[in-house]
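Read the structure below first, then the notes.
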Amino acid sequence: MTGLFLREMLKQTISLIAWQCLSEKRFQTGILLLTEIVIASCYTELCYENVVNGIEERQMKLTFYTHPMSRGRIARWMLEETGLPYETVLLEYGTSMKAPEYRAINPMGKVPALKHGDVVVTETAAICMYLADLVPEKKLAPPVGSPERGAYYRWISFMAPLEQLMIAKTSGAPLPKSENAGFGTEADLLDTLEAALTDREYLAGDTFTAADLLVAAYVGWYVQFKLLEPRPAFVQFAERHRKRPAALRADEIDEELLAQQGK
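Under UniProt numbering, the very last position in the sequence shown is 263; numbers go up by exactly one each time.
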């Protein structure tokens, strides 16, 4: 209310000065002042509308659908990084995850999924990017149009071929020829990732972003389950970010849910 009051007082003061200038036949000054009022009014109204919309957007309920032994652990880490309140809906494989009620939210019958008001977001990377944009002050995503934003998109997307490789290796089937494989050659993929992570704390600028979170989570998992060779760059990058307070909180929540399921 204080901001609105001051804005109106300023507009009224400038208006009085402008009309006084016009009455004294100082037309150029008066017209310039009136023009400034119009421009300033439009700008402040736009800023005010953006602030209000941002507040309303944040106040919409966040509902998180997950299972503690799923990629939902990555999305929960991101939720904890945002600091936004959210409700967890725990689903079970083969039962509630395939129920019509949940398929109405995610027709794939998979987790994680995020519902934010009327918006539904599925796919782990998409959820992380969506959440990052909800809290711009946290700087979990570089500004749109910045060079860092390009690196941000690049390394988030790079997890797709890495996952393709891991799935291909665990399926027991022979790896496809490099020209037919979406990930190219295994050596090229891993060497490229290693070069990106060597002596690097962050992948997209000089602060932690969702790109670091996703890469650290996936690389850490694959090394832990011995699907990915433990190259020093992989281990150091994953371990560094897995020590973040939000990551530790997320792990604690999911471990507690696992313990409750086992009772």
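Ideal Cβ placement from N, Cα and C applies to all residues, glycine included.
Residue 191 and residue 100 have their C-alpha atoms spaced approximately 44 Å apart.
Secondary structure at residue 173: coil, using DSSP grouped into helix, strand and coil.
Shown here, residue 256 sits in a helix according to DSSP, grouped into three states. If you draw a 10 Å sphere on the C-beta of residue 127, you find 16 or more other C-beta atoms in it, and that means buried. In this structure, 202 is the residue among 224, 202, 73 with its C-alpha nearest to the C-alpha of residue 140.
Rounded to the nearest angstrom, the gap between the Cα atoms of residue 66 and residue 152 is 25 Å. Just measuring C-alpha positions, the residue of 236, 227, 80 sitting nearest residue 197 is 236. Residue pairing by DSSP puts residue 87 in a beta bridge opposite 63.
Considering only 210, 242, 117, 212, the residue with the shortest C-alpha distance to residue 224 is 242. Residue state for residue 203 is assigned as coil, using DSSP reduced to three classes.
In terms of Cβ geometry, residue 111 and residue 72 form a close pair [threshold 8 Å].
At a Cβ-Cβ threshold of 8 Å, residue 246 and residue 80 count as neighbours. Non-local C-beta neighbours of residue 124 in its own chain, meaning closer than 7 Å and more than five positions away in sequence, comprise 71, 74, 75, 112, ordered along the chain. Judged by beta-carbon spacing, residue 219 lies within the 8 Å limit of residue 228, meaning their Cβ atoms are closer than that value. By the criterion of a C-beta distance shorter than 8 Å, residue 163 is surrounded in its chain by 218, once the five residues flanking it on both sides are discounted. Between the alpha carbons of residue 207 and residue 122 lies a distance of about 26 Å. The continuous beta strand (DSSP E) containing residue 114 extends over residues 113-116.
Between residue 189 and residue 195, the alpha-carbon positions lie close to 10 Å from each other. Residue 258 counts as exposed, since fewer than 16 other C-beta atoms from the protein chains shown sit within 10 angstroms of its C-beta.
In chain order, 97, 98, 102, 103 place their CB closer than 7 Å to the CB of residue 109, counting only its own chain and leaving out the 5 sequence neighbours on each side. Residue 204 is classed as buried because its beta carbon has at least 16 other beta carbons within 10 Å across all chains shown. In this structure, residue 156 sits away from residue 216, with a CB-CB distance that is not shorter than 8 Å. Residue 253 has its alpha-carbon roughly 29 Å from the corresponding atom of residue 232.
Here DSSP, grouped into helix, strand and coil, assigns residue 121 to strand.
Nearest neighbour of residue 167 by Cα position, chosen from 115, 199, 221, 118, turns out to be 221. Burial state of residue 148 is buried, judged by a 10 Å Cβ sphere holding 16 or more other Cβ atoms. Rounded to whole angstroms, the gap between the alpha carbons of residue 92 and residue 249 is 22 Å.
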